[in-house]
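These notes are about the structure you will find just below.
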Amino acid sequence: MEMPKPNAMILSGKARIVALLRAVLPEDAVIADEAETRAYECDALTAYRCPPLAVVLPRTTEEVSAVLRICHGEGVPVVPRGSGTSLAGGALPTADSVILGVSRMNAVLETDYPNRFMRVQTGRTNLSVTGAVEAEGFFYAPDPSSQLACAIAGNIAMNSGGAHCLKYGVTTNNLLGVTLVQMDGTVVSVGGPYMDAGGLDLLGVICGSEGQLGVVTEATLRILPKPEGARPILMGFDANEVAGECVSDIIKAGILPVAIEFMDRPCIEACEAFAHAGYPMCEALLIVEVEGSPAEIDEQLALIKAIALRHNPVELREAADEAQAKRIWLGRKSAFGAMGQINDYMCLDGTIPVSSLPYVLRRIGEMSRDCGLDVANVFHAGDGNMHPLILFDANKPGDLERCEAFGAEILKLCVEVGGCLTGEHGVGVEKRDLMSVQFTPEDMEAQLWVKDVFDPRWLLNPAKVFPLSVTAARRAG
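This note's numbering numbers the first residue of the sequence shown as 398 and each following residue consecutively.
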């Protein structure tokens, strides 16, 4: 994958940039040693690496503002970074850029249970948001598989979801307000602790903008009362397509589980070996969870079982108790790590209409055989957010390029059936050259205008989202 070349003038002025940054930040908040900056040379898309010019780790909105003012004045690109768990290269630096990490900004600033919101610094991890309120019977709904490590900043940048987004929505549905620092250092507040802000929906523009418009330092999040109870059920099938048909039928029946998760045999075997969750060894597995009172749970599961039985499942099993339910979810949450223990892989992220699941799963299988690379499927089936894992050998010349080409064809297939290039991982560097597959030139130009307004010099998160030729032309003026 092509990356922009470093600006020689900026590299030669590194000492000046670092000195300016150290004048406004504590000594330990600026990392300039080349060996130490290598810790930030990539995110979870580890196939691509590039050490940055420097790294800054501020602790306050004011420090972020000071850093951006300096970089804006010096013409230095800035790459915002949460926890570095992006699977699309969203936090991949360029050689002439400063990484601005928010990991030290992790405080809870305000909690309001009667009005059901909390305000946090965005370096706080996703899971620790719920951890801060669960003793009072509340939780934060979005739950990406990386929730133990991923930061709210990255969740907002990529509009992340998770297993329970079918019922509760993704980040944008649970985000009430932000504090945003623009590239010139201007601090603005958007939204607040209420349902809808007046005026233009700038919050909707910012959430999912992949760090292209500003650095989000604080977030007001919706918190919800915990449900009375929840129970998952395992459904095993002898074919991927049959499992896809079952999902489609559940949704068509008007039932709204809290989650519907899909895994195929390669993923089932890896997760079971890793987590010992008690998964049946079959070709395709669904985890369907419902919640509510005991009576509500029983009623919903009865309807879901009736639908599943029409598809001749090889296994149909409810969690017997809370311990078993936790093991079931531990297996699913461990899927990416479990697969990583047995093979190199590239994790894709595309979204399709649920009704297209059987066809798309069949086509991915056919494409896999044609390409000669295996695919493990694990995804949020309830909302059609697919995560095919293409298995390849990173040490075999040409395998990565073959994997990328195969991945591009899968994403084109998603768009072809009426879906889109991404659900929750973002575009990053991974899909920037596929943007024209989904968007017309006019659509793309509208997005570029938004970027022009927020970041006229195109210094924020360079080389992401838009094709490099577009970025270069915009930066040249």
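Here a beta-carbon is modelled for each residue, glycine too, at the ideal position from N, C-alpha and C. Just so you know, these numbers come straight off a predicted model, no measurement behind them.
Query                                                                                                                                                                                               : Result
Give me the DSSP bridge partner(s) of Arg707.                                                                                                                                                       : DSSP, once it has assigned bridges, lists no residue as partnering Arg707.
Just curious, the alpha helix (DSSP H) that Tyr756 is in, first and last residue?                                                                                                                   : 754-768
Met406 by DSSP, collapsed to three states: which one?                                                                                                                                               : With a pLDDT of 49 at Met406, under the threshold of 50, the modelled position of that residue is not reliable, and no figure is offered here.
How big is the Cα-Cα spacing for Ala640 and Ile694?                                                                                                                                                 : 22 Å
Would Tyr890 and Ile496 be called neighbours here (beta carbons separated by less than 8 Å)?                                                                                                        : Look at the range of the chain in this structure, 398 to 874, and you will see that residue 890 is not part of it.
Suppose you measure from the CA of Glu460 to the CA of Lys411; what does that come to, to the nearest Å?                                                                                            : 20 Å
Report the rounded CA-to-CA distance for Met406 versus Leu450, giving the unit in angstroms.                                                                                                        : A caution first: Met406 carries a pLDDT of 49, below 50, which makes its placement in the model unreliable, though a value can still be read off. About 12 Å.
Quick one: Cα of Leu418 to Cα of Thr458, how far?                                                                                                                                                   : 15 Å
Output the residue ranges of the alpha helix (DSSP H) runs that lie fully inside the segment 540-601 and measure 4 residues or longer, sorted by chain position.                                    : 549-555, 562-565
Entirely within the segment 424-472 and at least 3 residues each: give me those beta strand (DSSP E) ranges in chain order.                                                                         : 451-453
Are Thr917 and Leu506 touching if we call contact CB-CB under 8 Å?                                                                                                                                  : The shown model of the chain, from 398 to 874, leaves out residue 917, and the question about it has no answer.
How many angstroms separate the CA atom of Ala703 from the CA atom of Glu642?                                                                                                                       : 14 Å
Any idea if Pro691 is buried or exposed, counting beta-carbon neighbours within 10 angstroms, 16 or more meaning buried?                                                                            : exposed
Can you tell me where the alpha helix (DSSP H) with Gln835 in it begins and where it stops?                                                                                                         : 832-835
Which whole-angstrom value describes the C-beta separation of Ala650 and Leu683, a residue pair presumed to lie in contact below a C-beta threshold of 8 Å?                                         : No, Ala650 and Leu683 are not in contact; Cβ-Cβ is about 15 Å, not under 8 Å.
Use the C-beta contact count for Met502: other C-beta atoms within 10 angstroms, 16 or more gives buried, fewer gives exposed.                                                                      : buried
Is DSSP giving Asp661 helix, strand or coil here?                                                                                                                                                   : strand
For Glu509, report the span of its beta strand (DSSP E) as first-last.                                                                                                                              : According to the sequence as given, residue 509 is Asp; it is not Glu. Run containing Asp509: 505-509, per the beta strand (DSSP E) assignment.
So does the segment 774-784 actually touch the segment 829-837, counting three or more Cβ pairs closer than 8 Å?                                                                                    : no
Kindly indicate which three-state DSSP category Ile620 falls into: helix, strand or coil?                                                                                                           : coil
Give the straight-line distance between the Cα atoms of Leu597 and Arg707, rounded to the nearest whole angstrom.                                                                                   : 48 Å
Whether or not the segment 753-765 and the segment 798-817 are in contact is what I'm after, with contact meaning three or more pairs of Cβ atoms, one per stretch, closer than 8 Å; do they touch? : yes
Can you round the beta-carbon distance between Pro448 and Glu431 to whole angstroms, since I take them to be within the 8 Å contact cut?                                                            : 6 Å
In the DSSP assignment, find the beta strand (DSSP E) that holds Asp635 and state where it starts and stops.                                                                                        : From DSSP, Asp635 is part of no beta strand (DSSP E); its letter is neither H nor E.
Could you spell out where the beta strand (DSSP E) holding Ile684 opens and where it closes?                                                                                                        : 681-688
Do you know offhand how far Tyr742's Cα is from Ala554's?                                                                                                                                           : 24 Å
So the beta strand (DSSP E) Pro729 belongs to, where does it begin and stop?                                                                                                                        : Before going further, note that residue 729 is Arg rather than Pro in the sequence given. From DSSP, Arg729 is part of no beta strand (DSSP E) but of the alpha helix (DSSP H) over 719-730.
Give the DSSP-derived three-state secondary structure of Asp741 in the structure shown.                                                                                                             : strand
Just the Cα atoms here: how many angstroms apart are Arg413 and Ala492?                                                                                                                             : 16 Å
Decide if Met632 is buried, meaning its Cβ has at least 16 other Cβ atoms within 10 Å, or exposed.                                                                                                  : buried
With DSSP run on the structure shown, which of helix, strand or coil describes Arg854?                                                                                                              : coil
Can you name the start and end residues of the alpha helix (DSSP H) that Arg799 belongs to?                                                                                                         : 796-813
Output the boundary residues of the beta strand (DSSP E) element that contains Ala773.                                                                                                              : 772-777
Are the beta-carbon atoms of Asn637 and Gly762 separated by less than 8 Å?                                                                                                                          : yes
Asn552 and Pro541 look like a contact to me (Cβ under 8 Å); what is the Cβ gap, rounded to whole Å?                                                                                                 : 7 Å
Sorted by chain position, which residues of the same chain lie with C-beta nearer than 6 Å to Arg478's C-beta, five sequence neighbours on each side aside?                                         : Ala488, Ile496, Gly498
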